[in-house]
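A.B. asks:
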Amino acid sequence: MAVGVFDLFSIGIGPSSSHTVGPMRAAAVFAEELKASGVLAHVASLRVDLYGSLAATGHGHGTMTAILLGLEGFHPELILPAEVEERLAGIAGTGTLNLAGAVPLPYGVKDMVLRPLTVLPRHTNGMTFTVTDAAGAVVHTATFFSVGGGFIVREGEEDAARQELEESKKELPLPFRTAAELLEHCAATGLGIADVMLVNEKASRGEDEIRAGLLHIWSVMEACVAASLKREGVLPGGLKVRRRAPDWFERLKKECADGQDTDQDAAWDAGPFDPRYWQEWVNLVALAVNEENASGGRVVTAPTNGAAGIIPAVLFYALHFAPGMDKATGADRDDVVVKFLLAAAAVGVLYKEQASISGAEVGCQGEVGSASSMAAAGLAEVMGGTPAQVENAAEIAMEHNLGLTCDPIGGLVQVPCIERNAIAAAKAINAAKMALWGDGTHRVSLDEVIITMRETGKDMSHKYKETAMGGLAVNVVEC
Ligand code: SF4
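Residues 24 to 502 in the working numbering are what the sequence shown lists, from first letter to last.
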């Protein structure tokens, strides 16, 4: 299937789309195959090999525990955070995994084989599952790659998947893979970027369903912030990073109410909103989402988990602070949400098609940079930008994220990731504002900057591609 808005915005658990969501999905697919092929009853032992970046940073990213849950048959979009804790405690306590939800098998994190220095040809995020029978004969094996944003590809099916993608694009009314093609559609139809995306989405589902789905995505983003603001203390993983969002929220409420007491039972997004503090609100939303992500909570990949705070933060800005929209109510606000997410997704498609949204492939520019660019496009769109201005906003945001490396301390999606989301959200807002004060003409096109991001990623040392072997990851003492 062609990449759609619900591929780029999918519901999962933290802390990483490529290292948590993708591996859980792959393990769940493998478990389903065992069931469907009838070999499950013959399984006597299991082996999981993790390669490259998955092995290097898997512990910090929750890869191994996500795989255990996937092997039990859980899917990232359905499992609840409470179930995660309960099942992981069960597996750790008994040393036994319930394979495909049906066959108890002695297995745990320590049994996984880590090969951080071995990178499989297709992608650095490789994993192989193998099961054998009582006689030691292999009854089923499969290798998967987690290619970013929670997407997985099975070894040997890369060409078929690519072919299927190309075929499915032919069925789209307004197919595009480059910004130039997207702008051509806008010029030919008179539609905006969000509407071009909507026309294509309608090839696979009705408009009501699309709208309801996108509003649900936004509600999950909001729920993620609400959950995070109630959780104090330090983030898991041993870095002792304190959750800042709850304290910031209390302070922000007071500042916006000029020191008056506020309704403690009011929803977190009930205001009051003082425009003097728009930046602090944007920071708060980004921090809250990423702190929740870092603790394994429910998040929307947007387009990845590590960058999950940027789009909610900028959309929050659009709804509450962007000129002309702060007073919008009810259905108007829903329109803003839908339009914002569609325009952002159109730009996300360009990154998926021409470069990568995987930190393990191109560094953090592919994760935080892509999200910042998508958010800038969404904001420019809902602020009334022309297609050329929206394209310009996306270009500016990525241009100033080029070269951004991935160097998470301790392999955890915490430092620099959490603050980086807030900074990238601010860049997205500034990029949209700059583009809207122009006429859409500009020297560097979005396609040129996307290709530059891809090439920069190719040239980047593997130390800076989600291996925790370079940058802050090696220059900061972990504790
Ligand atoms: S540094 Fe960027 S790409 Fe790397 S884990 Fe953090 S957010 Fe993801």
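Note that CB positions come from ideal geometry on N, CA and C, so glycine has one too.
1. Nearest-angstrom Cα distance between Tyr130 and Thr119?
2. Using only the alpha-carbon positions, how far apart do Ser227 and Leu73 sit?
3. Taking Val308 and Pro335 to be in contact with their CB atoms under 8 Å, please state how far apart those CB atoms are, rounded to whole angstroms.
4. Beta-carbon separation of Val62 and His146 under 8 Å?
5. Any chance the stretch 308-324 sits against the stretch 430-443, with 3 or more Cβ pairs inside 8 Å?
6. Run the proximity test for Ala330: is its beta-carbon closer than 7 Å to any non-hydrogen atom belonging to the ligand SF4?
7. Run through DSSP, which three-state label would Ile102 get?
8. Give the single residue among Val52, Ala217, Glu187 whose Cα lies nearest to the Cα of Met406.
9. Just checking Pro335 against the ligand SF4 - is the residue's beta carbon closer than 7 Å to any of the ligand's heavy atoms?
10. If you draw a straight line from the alpha carbon of Met421 to that of Trp271, how long is it in whole angstroms?
11. Should Gly37 be counted as a contact of the ligand SF4 given a C-beta to heavy atom distance under 7 Å?
12. Rounded to a whole number of angstroms, what is the C-alpha to C-alpha distance between Ile452 and Gly332?
13. Would you say the beta carbon of Cys209 is closer than 7 Å to some non-hydrogen atom of the ligand ATP?
14. Assign Ser33 to one of two classes, buried (16 or more other C-beta atoms within 10 Å of its C-beta) or exposed (fewer than that).
15. Ends of the alpha helix (DSSP H) at Asn526?
16. Identify, in the order they occur along the chain, each residue of the same chain with its Cβ nearer than 7 Å to the Cβ of Asn313, setting aside the five sequence neighbours on each side.
17. Please classify Asn306 as buried or exposed, where buried requires at least 16 neighbouring CB atoms within 10 angstroms.
18. As an exercise, report each continuous beta strand (DSSP E) stretch of at least 3 residues that is fully enclosed by the stretch 238-299, in chain order.
19. Just checking Val436 against the ligand SF4 - is the residue's beta carbon closer than 7 Å to any of the ligand's heavy atoms?
20. Just how far apart, CA to CA, sit Ala403 and Leu342?
21. What residue does the alpha helix (DSSP H) around Val170 start on, and which one ends it?
22. So, do the stretch 200-218 and the stretch 85-92 have three or more beta carbon pairs nearer to each other than 8 Å?
23. Count Cβ pairs between the stretch 46-65 and the stretch 449-463 that sit closer than 8 Å; are there 3 or more?
24. According to DSSP, simplified to helix, strand and coil, what is Gly408?
25. Considering only DSSP beta bridges, list what Tyr74 is partnered with.
26. Classify Val472 as buried or exposed, calling it buried when 16 or more other Cβ atoms lie within 10 Å of its own Cβ.
27. Since Ile48 is in the alpha helix (DSSP H), which residue starts that stretch and which ends it?
28. Quick one: grab the DSSP three-state call for Ile432.
29. Measure the C-alpha to C-alpha separation of Arg48 and Thr88 and round it to an integer number of angstroms.
30. Less than 7 Å separating the Cβ of Pro439 from some heavy atom of the ligand SF4?
31. Can you name, in chain order, every residue of its own chain whose Cβ lies under 8 Å from the Cβ of Leu57, other than the five neighbours on each side?
32. So which of Pro127, Met220, Glu303, Gly171 has the shortest CA-CA distance to Phe363?
33. Cutting at 8 Å between CB atoms, please list the residues of its own chain near Gly256, excluding the five before and the five after it.
34. To which residues does DSSP link Met150 through a beta bridge?
35. Quick one: does Leu91 have its CB under 8 Å from some CB of chain D?
36. Check whether the Cβ of Gly382 lies closer than 7 Å to any heavy atom of the ligand SF4, and answer yes or no.
C.D. replies: The relevant details are as follows:
1. Numbered from its first residue, the sequence shown carries residue 130 at position 107. Numbered from its first residue, the sequence shown carries residue 119 at position 96. Computed Cα separation, rounded: 5 Å.
2. Against the sequence shown, residue 227 aligns to sequence position 204. Against the sequence shown, residue 73 aligns to sequence position 50. Cα to Cα, the separation comes out at about 35 Å.
3. Counted from its first residue, the sequence shown places residue 308 at position 285. Counted from its first residue, the sequence shown places residue 335 at position 312. Between Pro335 and Val308 the Cβ distance is about 5 Å, and since that is below 8 Å, they are a contact.
4. As a first step, residue 62 is located in the sequence shown; it is residue number 39 there, counting from the start. As a first step, residue 146 is located in the sequence shown; it is residue number 123 there, counting from the start. The answer is no: Cβ separation not under 8 Å.
5. yes
6. If you number the sequence shown from 1, residue 330 lands on position 307. Indeed, a heavy atom of the ligand SF4 lies less than 7 Å from the Cβ.
7. The residue labelled residue 102 in the question sits at position 79 within the sequence shown. Three-state result, Ile102: coil.
8. Position 383 of the sequence shown, counted from the start, is the residue given in the question as residue 406. For the residues Val52, Ala217, Glu187, the minimum Cα distance to Met406 belongs to Ala217.
9. Within the sequence shown, numbered from 1, the residue matching residue 335 stands at position 312. It does not: the Cβ of Pro335 is nowhere closer than 7 Å to a heavy atom of the ligand SF4.
10. As a working mapping, residue 421 is identified with position 398 in the sequence shown. As a working mapping, residue 271 is identified with position 248 in the sequence shown. Cα to Cα, Met421 sits roughly 28 Å from Trp271.
11. For the purposes of this step, residue 37 is identified with residue 14 of the sequence shown, where counting begins at 1. No - the ligand SF4 has no heavy atom lying nearer than 7 Å to the Cβ of Gly37.
12. The residue you call residue 452 lines up with position 429 of the sequence shown. The residue you call residue 332 lines up with position 309 of the sequence shown. In a straight line, the C-alpha of Ile452 is about 14 Å away from that of Gly332.
13. Of the ligands this structure carries, namely the ligand SF4, none is the ligand ATP.
14. For this step, residue 33 is matched to residue 10 along the sequence shown. Buried, by the Cβ-count rule.
15. For residue 526 there is no data in the structure shown, the boundaries of the chain being 24 and 502.
16. For this step, residue 313 is matched to residue 290 along the sequence shown. Once the five neighbours on either side are set aside, the close Cβ partners of Asn313 are Ala331, Gly332, Cys440, Ile441, Asn444.
17. For the purposes of this step, residue 306 is identified with residue 283 of the sequence shown, where counting begins at 1. Counting Cβ neighbours within 10 Å, Asn306 comes out buried, since at least 16 surround it.
18. none
19. Looking up residue 436 in the sequence shown gives position 413. At least one heavy atom of the ligand SF4 is nearer than 7 Å to the Cβ of Val436, so yes.
20. Taking the sequence shown and counting its residues from 1, the one referred to as residue 403 is at position 380. Taking the sequence shown and counting its residues from 1, the one referred to as residue 342 is at position 319. Cα-Cα distance, rounded: 13 Å.
21. In the sequence shown, residue 170 corresponds to position 147, counting from 1. Run containing Val170: none in the alpha helix (DSSP H); it sits in the beta strand (DSSP E), 161-171.
22. no
23. no
24. Within the sequence shown, numbered from 1, the residue matching residue 408 stands at position 385. Of the three classes helix, strand and coil, the one that applies to Gly408 here is coil, per DSSP.
25. As a first step, residue 74 must be located in the sequence shown, where it is residue number 51. DSSP, once it has assigned bridges, lists Arg138 as partnering Tyr74.
26. Taking the sequence shown and counting its residues from 1, one reaches residue 472 at position 449. Buried is the call here.
27. The residue you call residue 48 lines up with position 25 of the sequence shown. It is worth fixing the name first, because residue 48 is Arg in this sequence and not Ile. Note, Arg48: alpha helix (DSSP H), 45-60.
28. Here residue 432 refers to the residue found at position 409 when the sequence shown is read from its first residue. Ile432: helix per DSSP, three-state reduction.
29. Counted from its first residue, the sequence shown places residue 48 at position 25. Counted from its first residue, the sequence shown places residue 88 at position 65. Approximately 12 Å, taken between the alpha carbons.
30. Within the sequence shown, residue 439 is the residue found at index 416, counting from 1. Yes, Cβ of Pro439 sits closer than 7 Å to a heavy atom of the ligand SF4.
31. What you label residue 57 is simply residue 34 of the sequence shown in a count that begins at 1. Contacts found: Leu63, Val66, Leu122, Ala123, Val154, His163.
32. Locating residue 363 in the sequence shown gives position 340, counting from the first residue. Checked all of Pro127, Met220, Glu303, Gly171; the closest Cα to Phe363 is Met220.
33. Residue 256 sits at position 233 when you count from the first residue of the sequence shown. Only Arg265, Arg266 meet the Cβ criterion.
34. Within the sequence shown, numbered from 1, the residue matching residue 150 stands at position 127. Answer is Leu73, Phe167, bridged to Met150.
35. Absent from the structure: chain D. Only one protein chain is present.
36. Residue 382 sits at position 359 when you count from the first residue of the sequence shown. Under cutoff, so the answer is yes.
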